[in-house]
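Chains as they are written, first to last, in our numbering: chain A, 5 to 248; chain B, -10 to 373.
A virtual CB, placed ideally from N, CA and C, is assigned to each residue, including glycine.
All figures in this text were calculated on a predicted structure; none of them were measured in a lab.
This report concerns only the one structure given below.
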Amino acid sequence: MNILVCVKAVLDLSNVSVSRGQGKIFEKGKRLLNPFDEHAVELALQLRQAAAGTVTALTVGEGRDEDALRKALAMGVDRAVFVKGPELDGSDHGVRARVIAKAMSALVAAPGGAPFELVLCGERSPEHGGGQVGPALAEALGRPQVYRGLRVRLDAGQVVAAVRTDDGESEVRVPLPALVVVDAAANHPRIPKALDIMKAVKREVRILACVELGLSPEDVGVAGSRLRLARFEIPEVKEDAAMA
Amino acid sequence: MDFTFTEEQQMLREMVRDFVNQEVKPRAAQIDREEKIPNELLRQAAELGLFGVSFPEEYGGAGAGKIGYCIAVEELAHGCNSLTTTIGASQSIGAMAIYLDGSEEQKQRYLVPLAKGEKLGAFCLSESNAGSDPAAMSTTAVKQGDHYVLNGSKNFITNGVRADVLIVFAITDKALRAHGGTTAFILEREYPGIRVGKVEDKMGLRGSDTASLFFEDVRVPASNVLGQLGKGFVTAMKCLDMGRLTLGAGCLGMAKEMLDLSVAYAKERVQFGEPIATKQAVQFMLAEMAMRIYAMESLVYRTAWAHENGQKISRESAIVKCFCTEAAEKVVDLALQIHGGMGYMKELPIERAYRDARINRIFEGTNEIQRLVIALDVIKKGRY
């Protein structure tokens, strides 16, 4: 069982400064592994323990986003893949899903590559909160999707999961290969061990460039996205706000 | 000069912070109240590698060095000083003695389980009549065949109740005493003749056990002499250099936690129609706290860096210990003042920190002794 976990690097909000005037957020430290994605990594590691296989963490972005992969490596994933390039900046969820699908094909086609029977995604990111990459990736891969899986197991070629619904939970079964969007209440992500942190920093991260995936600059970033960011505004901090 | 922490150091900090926020802070008041750190919490800390952060991987550690260890201690101290002290006593001075002066066989047998947190260590130097003056110790070790027979007692031993491995200092030559007549021994808790005496009822650090230990005809294999015969005092002083540095790191973490709490409270607490953070009297207190923290941080990591790079840090670790313990005490006091009546209540962690902080000026060598160490070194070698 080979599992791919899609992870995202997010800002460490405890270590940023915000300039309303410039409309910018300045980072002062490293980036974090999206806390929602940590649940997906944890589930992948638990499933690997139950059924032998490998776990690959993959992210799409630019230089500092590698920090998220290092955390995933420290938590225990087998390998890390970084689809990297400045042209990816501004990509919407649709572009990200297409890039991940292309990267998966490239990894499977590479020497020693094997199909990813299961793809796991976090529920959303704390910054944009769209939660669209998982569903868009399921669509791009033409796979069934288990949305907001709480307790997930594998049984005779199927994913069996308790999923969150509007009024509670229900159980779903889908055949593999499949994609699971992991609910933030699914598990308690492990804290990496000190020694694993020291080793994670030295481990290899496989870099993939868009051009290797057959993607031109027009296919990705703002150019390739259907979603346009019209304006970025940092709201004024007001002291007199009250919750009704 | 580069003051940037490496990627692994930043990740290590994040890891310990997560552990402290998730597992330690919610239990810290209970640890203080019940005077016991749950075994489960110690097991979790061990699993994460927090008992061997600085030691190389081949000895069961994480290989994060002195700077990494200071980072870990700093973050632990945000949550619980009792836990920090328990881990620190085992690692900084207990296991450290074996790492610095132990034989390869001793390292494999004792350091590895200590670094993995499978066993807990204690450093047994102080006696009831030998505190600031360890040369006055009366515990003796007499050679009989292939064993030494230890007799005497030790006082105020951190981890004295729980420790499995004891580093015990004893007089092997009464004529030479501190100058070639003191030897360090590794004792296993199971050796016949070791007895726990009084378990102290302390003002602070109530979750960290402190006890006296009695040694009555304890037979210790000669192979458990740690370092060279008669050189125990040198071993002790080397360990204390590390202990004093990491105590400074703990003071730094505690002080940062106090500042975080104080800033949040000052922004939230409204008096005279506005948050007290707008009042100059409170701002001045926050500034005093921030200045001390900046100085503490600079001292701790400069000294950790020097130690990491093989420099001797006896004077520097004394400066770290002396300055940081006094600065932390002032910071805690200011935090309590900013919190007003609430700061005095057990409901907030400040009251506990206030009690915990007081011992820092006394243990690991009193600040008066640190000033002597600093002054004598300055007189001998001049300034930097």
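Query	Result
Helix, strand or coil at B:E94 [DSSP, three-state]	helix
B:V309 classed as buried or exposed, judged by whether at least 16 other C-beta atoms fall within 10 angstroms	buried
Contact between the stretch 225 to 237 of chain A and the stretch 105 to 123 of chain A (3+ Cβ pairs under 8 Å)	no
Same chain, Cβ closer than 8 Å to A:R194, neighbours up to 5 away in sequence not counted	E46, L49, M79 and G80
C-alpha gap between B:L323 and B:L275, whole angstroms	8 Å
Option nearest B:E189 by Cα separation, candidates B:H168, B:E315, B:F145 and B:E63	B:F145
Residues near B:D230 by beta carbon distance below 6 Å, same chain, minus five either side	I302, S303 and S306
Proximity below 8 Å, CB of B:E64 to CB of A:V205	no
Cβ neighbours of B:E286 in the same chain (closer than 8 Å, five flanking residues each side left out)	L241
Residues bridged to A:A84 (per DSSP)	A:A61 and A:V209
One or two residues paired with B:K220 in a DSSP bridge	B:T171
Closest by C-alpha distance to A:K34, when choosing among A:A13, A:R24, A:F120 and A:G25	A:A13
CB contact check: A:R35 to chain B, cutoff 8 Å	no
7 Å Cβ cut-off: residues of chain A touching B:V42	A198
Contact set for B:A342: own chain, Cβ-Cβ below 8 Å, skip 5 residues either direction	N70, M243, E246, M247, V321 and A324
Boundaries of the beta strand (DSSP E) in which B:N298 is found, first to last residue	It is not in any beta strand (DSSP E) - B:N298 carries neither H nor E in the DSSP assignment.
For B:G54 and A:M202, the rounded distance between their alpha carbons	11 Å
Proximity winner among B:A317, B:Y333 and B:L37, relative to B:V289 (alpha-carbon distances)	B:A317
For B:G232, three-class secondary structure by DSSP	helix
Cβ pair A:R207, A:L77 closer than 8 Å	yes
First and last residue of the uninterrupted beta strand (DSSP E) at A:A118	Where A:A118 is concerned, there is no enclosing beta strand (DSSP E), given that its DSSP letter is neither H nor E.
Proximal residues to A:V150 (C-beta, below 8 Å), its chain only, five neighbours per side dropped	V156, V163, A165, V167, V176, V178, A182, L183, V184 and V185
Beta-carbon neighbours of A:I201, restricted to chain B and to distances below 7 Å	E(-3), M0, L1 and M4
Min CB distance B:G262 to chain A below 8 Å	no
Runs of alpha helix (DSSP H) wholly within the stretch -7 to 21 of chain B (minimum 4 residues, chain order)	-4 to 8
Cβ-based burial, B:I368 [other Cβ within 10 Å; buried from 16]	exposed
Residues, ordered as in the chain, of the stretch 68 to 83 of chain A that lie near chain B by beta-carbon distance below 8 Å	D71, R74, K75 and A78
Cβ shell of A:P196 (< 8 Å), same chain only, five flanking positions each side left out	K75, A78, M79, G80 and A204
Own chain, CB closer than 7 Å to B:K187, minus 5 neighbours either side, in chain order	A200 and S201
With 16 other Cβ atoms within 10 Å as the buried cut-off, status of A:I211	exposed
The stretch 49 to 72 of chain B: positions lying closer than 8 Å to chain A by Cβ	G50, A51, G52, A53, G57 and A61
Inter-stretch contact at 8 Å, needing at least 3 Cβ pairs: the stretch 15 to 34 of chain B / the stretch 70 to 79 of chain B	yes
Alpha-carbon spacing of A:L145 relative to B:L1, whole angstroms	37 Å
Under 8 Å from the C-beta of B:E36: neighbouring residues of chain A	K197
Those runs of the beta strand (DSSP E) which lie wholly inside the stretch 124 to 187 of chain A and span at least 3 residues	149 to 159, 162 to 169, 172 to 179 and 182 to 186
Inter-stretch contact (C-beta, 8 Å, three-pair minimum) for the stretch 96 to 103 of chain B and the stretch 161 to 172 of chain B	no
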